[in-house]
Structure formats: structure tokens, C-alpha cells
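Colleague: The sequence shown begins at 1 in my numbering and counts up by one.
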Amino acid sequence: MATVSEIIRALWKPPRSPGIRLEKDRLDRTLPENFTCYKQWGFNIYRTYYGKGSNKHWAKLLDALKRQTYLALRYLEQDSEYEIDTRNRKFGIYDHPNKEEYMEDLERLRKLFHLEVRQDPNLEGLDIHQVRKICAEEHNQGKVITAGVRVHYVLVADEAVLRDISQGEFVVKAVSYKWDRSKNWGWMRIPTGYLLEFWQSLVISNEIDQDTVWFLGPEEELEKCIWPGEDSVSQTGRCSEVRLGYTITVVKPFGTRVKSFGRPAQQGGGSNQEQ
């Protein structure tokens, strides 16, 4: 699983110096003046619908993504999560000798979270494949598409997503821009509170060469399905859920579809959410 230590390790990118760097010359990643050596983590988010009344739903979506991700990070404050991190760490420079330093890294992750907003009327009406093409072109040009170095996904807020927001279903589309047509459709709706869990699963999938989203049915059915989370990482998404009692379809690996009654649905703007 992707622990706090492993995520921090992936984001710590000090400048390279010529020759062999001695241990005494290594930058101390815990010093405030070296915070700029960390890369941000997060996603680009593309808005492709600008219809009447959509501005407020777009604002709600951005607010929910940020607030619920901060709440998800709080799940990792538990002693049980610290113990898991302690058992799994392998690289001494990223070790947490005590809970206090572990909490300091959690605060770093909170500060490093970033959504790169892409909204432009020229994006109006673009579908998943057209957004993917734009991202692939920018990637080939050497532009940073998504924060971090291992993730090749962006978020998309199209008409269907913003309509769902208006109806109280808080989801966003996650789209792979390094799409292998032979494997799957390369996108899926995810609950707004599952962004951290999704990021962790992407880090893991990169290491074991496995797709995070997998669906073998017709592409149009994806508009009715949501990503159910990843069993091998901490269930951080549950920290920011509001549970509603209606039926929704979730997708398990290899296209298995499961009908779930009372499946947690995402709602933003709750009183338990923090800045």
C-alpha cells in the first residue's frame, strides 16, 4: 500500500548535484527552507461545460474536491495508520521516528495538494477523447499535465458531471491520457471524497503495472457507474462521505458490476468539512 512515507518519498525532489553527494551534504527535507524541493500532488481538472447556471455547480465541485481531500488526509492521523506506515517503511531518510514527525509529513501532504484548474470557453463541448488528445499533446511537448511524476490522469467536469453536482451526487471523471485502447476505456467517475485514495492506488498501479480503473462493458455504461475504491490502500474516502439511501452501480475489477443499496454518495459543503 502507498503509505505516507512512500508518498513523501515520491514528492521529495531535491536538486541534483554533480558527482557523488556525501551523506553530510544531503538536504534536510524537514527544514522549512527546503520545502520548495517537494513536488505538488494532485490533478489537472478540465471544465468542458459552460451552460447557464453551471458556474455555481463548478464552484461546488472544486470546493468539495479540496475540502474532502483534506478530510481524507485526517484519516491517516490515526495511530493505526501510523503503525502501518512504521511497518512498511524501507528507506531510512523517510522514516518517522515518532508520531510527531509523521504528523508533520501529513501537514506537508496537505500543503502540497493542488488542483490545476483549466477552464476556457474553447474547451466547451469537448468529450473524453478530445480532452485526452489535448493532454497527450501537452505531455509530448514536455508540459506538466498532472502534479507529481507517476500519475497520468486528469479530472474532467463535463455537462453530465455538473448536472450530477446540481442533483447532489458529487462525482468527477478521472481520465487517463496515456490510454491503451486494448485494455479498457481509460476513464471512470469517482466520488469527490476519494481523490486521495485514487492517488494512492495510482502510485501502487504504477509500481505493479496494473490499471487502476477497469471496465469491460460498453463505454456508455460508465456514465452510470462509479469507482468503488481500492481495497489495498487505506479507506480514506470514508472520512468525508455523506450516506444517502439509494441504489447506485459500483464497478469491481474486470468489469464485475455490483448493485449496492445505500452506497455512500458524495455531498459537498457539509458542516463537518474543514478548509
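Ideal Cβ positions, reconstructed from N, Cα and C, are used throughout, including at glycine.
#1: When the Cβ atoms of the segment 124–137 are set against those of the segment 6–19, are three or more pairs found closer than 8 Å?
#2: If you compare alpha carbons, which of E81, T212, C37 is closest to E230?
#3: Given this structure, state the Cα-to-Cα distance separating V171 from T192, to the nearest angstrom.
#4: Helix, strand or coil: which one does DSSP assign to A2?
#5: CA-CA distance, K13 and D105?
#6: Near V156, which residues of its chain fall below 6 Å by C-beta distance, leaving aside the five closest residues on each side in sequence?
#7: Tell me whether S5 is buried or exposed, calling it buried when 16 or more other Cβ atoms sit within 10 Å of its Cβ.
#8: Which two residues bound the contiguous beta strand (DSSP E) that contains N44?
#9: Between the Cα of V161 and those of E33, A59, L202, L11, spot the shortest distance and give me the residue it belongs to.
#10: Apart from the five residues on each side of it in sequence, which residues of its chain come closer than 8 Å, Cβ to Cβ, to E197?
#11: Beta-carbon separation of I190 and W227 under 8 Å?
#12: Is the beta carbon of Y102 closer than 8 Å to that of D85?
#13: Based on DSSP bridge pairs, tell me the residues matched to K173.
#14: Could you give the distance in angstroms between the alpha-carbon of E83 and the alpha-carbon of Q141?
#15: Considering only DSSP beta bridges, list what Q119 is partnered with.
#16: What are the residues that DSSP puts in a beta bridge with H114?
#17: Between the alpha carbons of E116 and E33, how many angstroms are there, rounded?
#18: Give the DSSP-derived three-state secondary structure of W199 in the structure shown.
#19: Tell me the DSSP bridge mates of W214?
#20: Under 8 Å Cβ to Cβ from R118, same chain only, skipping five residues before and after it: list those, please.
#21: Less than 8 Å between the C-beta atoms of E219 and W179, yes or no?
#22: Taking the alpha carbon of Q78 as the point to measure from, which residue in E100, K66, D63 has its own alpha carbon closest?
Modeller: Per the coordinate set shown:
#1: No contact exists between the segment 124–137 and the segment 6–19.
#2: Locating residue 230 in the sequence shown gives position 230, where the first residue counts as 1. For the residues E81, T212, C37, the minimum Cα distance to E230 belongs to T212.
#3: By 1-based counting over the sequence shown, the position of residue 171 is 171. By 1-based counting over the sequence shown, the position of residue 192 is 192. Each residue's alpha carbon lies about 5 Å from the other.
#4: Sequence index remark: in the sequence shown, residue 2 carries index 2 (1-based). When DSSP states are grouped into helix, strand and coil, A2 belongs to the coil group.
#5: By one-based count along the sequence shown, residue 13 stands at place 13. By one-based count along the sequence shown, residue 105 stands at place 105. Between the C-alpha atoms of K13 and D105 there is a straight-line separation of about 15 Å.
#6: Along the sequence shown, one-based indexing puts residue 156 at 156. Within the same chain, V156 has close Cβ partners Y46, V131, K173, V175.
#7: Position 5 of the sequence shown, counting from 1, holds the residue named residue 5. Under this definition S5 is a buried residue.
#8: Counted from its first residue, the sequence shown places residue 44 at position 44. 41–47 is the extent of the beta strand (DSSP E) around N44.
#9: Within the sequence shown, residue 161 is the residue found at index 161, counting from 1. For the residues E33, A59, L202, L11, the minimum Cα distance to V161 belongs to A59.
#10: For the purposes of this step, residue 197 is taken as the residue at position 197 of the sequence shown. A72, G229, E230, V233, S234, Q235, T236, G237.
#11: Locating residue 190 in the sequence shown gives position 190, where the first residue counts as 1. Locating residue 227 in the sequence shown gives position 227, where the first residue counts as 1. Yes, these two residues count as a Cβ contact at 8 Å.
#12: For the purposes of this step, residue 85 is taken as the residue at position 85 of the sequence shown. For the purposes of this step, residue 102 is taken as the residue at position 102 of the sequence shown. Going by C-beta atoms, D85 is nearer than 8 Å to Y102.
#13: The sequence position of residue 173 within the sequence shown is 173, counting from 1. DSSP lists V156, R189 as partners of K173.
#14: Locating residue 83 in the sequence shown gives position 83, counting from the first residue. Locating residue 141 in the sequence shown gives position 141, counting from the first residue. When rounded, the distance between both Cα atoms is 42 Å.
#15: Position 119 of the sequence shown, counting from 1, holds the residue named residue 119. Looking at the DSSP assignment, Q119 forms a beta bridge with R47.
#16: Here residue 114 is taken as the residue at index 114 of the sequence shown, counted from 1. Paired residue(s): G42.
#17: Counting from one through the sequence shown, the residue named residue 116 turns up at place 116. Counting from one through the sequence shown, the residue named residue 33 turns up at place 33. Going by the C-alpha atoms only, they are around 24 Å apart.
#18: Taking the sequence shown and counting its residues from 1, the one referred to as residue 199 is at position 199. Note: W199 maps to helix in three-state DSSP.
#19: For the purposes of this step, residue 214 is taken as residue 214 along the sequence shown, with counting starting at 1. The partner list for W214 (beta bridge, DSSP) is empty, contrary to what the question assumes.
#20: In the sequence shown, residue 118 corresponds to position 118, counting from 1. Around R118: N44, I45, Y46, R47.
#21: Within the sequence shown, numbered from 1, the residue matching residue 219 stands at position 219. Within the sequence shown, numbered from 1, the residue matching residue 179 stands at position 179. Going by C-beta atoms, E219 is not nearer than 8 Å to W179.
#22: In the sequence shown, residue 78 corresponds to position 78, counting from 1. Nearest to Q78 by C-alpha distance, out of E100, K66, D63, is E100.
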